[in-house]
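Engineer: What follows is a single structure, and I will ask about it in a moment.
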Amino acid sequence: MRTVLAPEMGGCRVSGQVWGGWRRGLGVRAARTASSFGTEARHQQQRRGSSKRSGPLDDQPFSGLLRPENVSREELVDVLRAAVVDQKGPLVTLNKPQGLPVTGKPGELTLLSVLPELSQSLGLGERELQVVRASGKETSGLVLLSSCPQTASRLQKFFTHSQRARRPTVTYCAVTDGIPATSEGKIQAALKLEHIDGVNLVVPVKSPSRKDILEGVKRTLSYFRVVAMGSGCALVQLQPLTAFPSQLQVHMALQLCPLLGDHMYSARVATVLGQRFLLPAESTRPQRQVLDEALLRRLHLTPSQAAQLPLHLHLHCLYLPGARPRDPPIKLLAPLPSYFSRTLHCLGLHYQ
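Letter by letter, the sequence shown follows residues 1 to 352 in the working numbering.
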């Protein structure tokens, strides 16, 4: 089996010039959806997600979370089958629960490890699924699978070409602790991976040299747009134009607005006398995100519950190429997890 994976999308420079492809509201679909691709499946999934569920998915206040360590292979296959957004031809689209890793060490329970069983469960027979597009463990949302290697290769070329042409193909929804200084813009930062005290961390690099680039420093770019604000938080659309681990988490921390539930990079943002500032990334270790008492009250969370707050980053929208070269892109959507919707309700953040 050949698997094609896209990495997870997370001094910086911000500009007001953004891609003109934003559409108002996170739930608005493109004018063309290739024969109503996924419509009924999405409605079915929303109906399934609206009912109370016991088993591998946890209850309130963070319902919809998956604890892989408490799930059997059979239960995970059932969860993933229920998470299918659409199945058409060789393509299968899932709405991945937060907490499920795509890959892992041998013997670990991951999405990749149960693809043979999922393929059988979906009636694909010997045509085993492979991952075409997915994000990381802590991110929820769309995962694109294909049972056809040629289709997977064609889609990967589309994503690569779009990235080189600086055309977004994915849109994430996120909730931030803090409100960006501008309503929309782009974030540019050079990033590198460093192994610090046994942990792999993403660190910004100021004015990278050519040697830095050759040694693994990457110039990254994301667009952002604030959709709603309330209670000191914001609902934000994020469109990464580059692929780097934890890019979106780090980019929003550089904006002094870490993602809600970011227990890795939020510690880099400190507050003194109501003013936020960045701490040196190299000397700041990950810790559980600390939220102020007013925000905890709005979220109806205790400090111990807040320490378990999941990352509020959801791959909401994915664009695929049309059937023919001149056809407009197909737009796939994944409903928000129930804990994400609960947070929006508590904070009074609404979208159309």
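Heads up, the beta-carbon is just placed ideally off N, CA and C, and yes, glycines get one too. Computed from a predicted model, the values in this text were never measured in an experiment.
1) In chain order, what residues of the same chain lie with their CB nearer than 6 Å to the CB of Leu-309, ignoring the 5 residues before and after it?
2) Could you give the DSSP three-state label for Glu-194: helix, strand or coil?
3) Where Val-205 and Ser-153 are concerned, what is the direct C-alpha to C-alpha distance, given to the nearest angstrom?
4) So if DSSP puts Ile-330 in a beta bridge, which residue, or which two residues, is it bridged to?
5) Taking a contact to mean a Cβ-Cβ separation below 8 Å, would you say Leu-129 touches Val-77 in this structure?
6) Suppose contacts are defined by Cβ-Cβ distances below 8 Å. Is Ala-267 in contact with Thr-284 by that definition?
7) What separation, rounded to the nearest whole angstrom, lies between the Cα atoms of Lys-137 and Pro-325?
8) Alpha carbon to alpha carbon, how far is Gln-150 from Thr-103?
9) Rounded C-beta distance between Met-252 and Pro-258? I'm assuming under 8 Å.
10) In whole angstroms, what separates the C-alpha of Glu-75 from that of Leu-273?
11) Counting along the chain, where does the beta strand (DSSP E) carrying Ala-163 start and finish?
12) Can you round the beta-carbon distance between Lys-331 and Tyr-339 to whole angstroms, since I take them to be within the 8 Å contact cut?
13) Could you name the residues of the same chain whose beta carbon sits closer than 6 Å to that of Gln-287, not counting the 5 residues immediately before and after it, in chain order?
14) So if DSSP puts Val-272 in a beta bridge, which residue, or which two residues, is it bridged to?
15) Which residue marks the beginning of the alpha helix (DSSP H) containing Ala-228, and which one marks its end?
16) Taking Gln-188 as the reference, which of Ser-207, Thr-176, Ile-179 has the closest Cα?
17) Given Leu-333, which residues of its chain have a CB within under 6 Å of its CB, disregarding the five upstream and five downstream residues?
18) May I ask which residues mark the beginning and end of the alpha helix (DSSP H) holding Pro-346?
19) Tell me, please, which residues DSSP counts as bridged to Asn-70.
20) Note the first and the last residue of the continuous beta strand (DSSP E) segment covering Arg-133.
21) Do three or more CB pairs link the region 216-235 to the region 177-195 at distances below 8 Å?
22) Quick one: using the 10 Å Cβ neighbour count with 16 as the cut-off for buried, is Gln-45 buried or exposed?
23) Look up His-314 in the DSSP assignment and give the residues it is bridged to.
24) Would DSSP call Pro-280 helix, strand or coil?
25) Buried or exposed: Pro-280, going by 16 or more other Cβ atoms within 10 Å of its Cβ?
26) With DSSP run on the structure shown, which of helix, strand or coil describes Glu-126?
27) For the beta strand (DSSP E) containing Gln-247, list its first residue and its last residue.
28) Rounded to whole angstroms, what is the Cα-Cα separation between Ser-162 and Thr-169?
29) Give the secondary structure of Ala-267 by DSSP, where H, G and I count as helix, E and B as strand, and everything else as coil.
30) Determine the DSSP secondary structure at Ile-179, reduced to helix, strand or coil.
31) What whole-angstrom Cβ distance do Gln-239 and Tyr-265 have, given they're in contact under 8 Å?
32) Which same chain residues, not among the five before or five after Arg-276, have their C-beta less than 6 Å away from its C-beta?
33) Check this for me: beta carbons of Leu-336 and His-350, under 8 Å apart or not?
34) In terms of residue numbering, what span does the alpha helix (DSSP H) encompassing Ala-294 cover?
35) Please report the residue range of the beta strand (DSSP E) in which Leu-115 lies.
Structural biologist: In terms of the structure at hand:
1) Gly-261
2) strand
3) 33 Å
4) Leu-320
5) no
6) yes
7) 33 Å
8) 22 Å
9) 6 Å
10) 49 Å
11) In the sequence as displayed, the identity of residue 163 is Gln instead of Ala. Careful: Gln-163 lies outside any beta strand (DSSP E), inside the alpha helix (DSSP H) at 149-164.
12) About 25 Å separates the two Cβ atoms, so there is no contact after all.
13) Ala-267
14) Gln-275
15) Not the alpha helix (DSSP H): Ala-228 falls in the beta strand (DSSP E), residues 218-230.
16) Ser-207
17) Cys-317
18) Note on residue identity: the sequence assigns Cys, not Pro, to residue 346. Residues 338-347.
19) BP columns for Asn-70 are empty, so no partner.
20) 130-133
21) yes
22) Legend: pLDDT at Gln-45 = 43, less than 50; position of this residue unreliable, value from coordinates given subsequently. So Gln-45 ends up on the buried side.
23) Ser-140, Cys-173
24) coil
25) exposed
26) coil
27) Element bounds for Gln-247: not the beta strand (DSSP E) but the alpha helix (DSSP H), 247-254.
28) 7 Å
29) helix
30) coil
31) In fact, because the Cβ distance is near 19 Å, the residues do not count as touching under 8 Å.
32) Leu-256, Val-269
33) no
34) 293-299
35) That residue, Leu-115, is in no beta strand (DSSP E); its alpha helix (DSSP H) goes 115-121.
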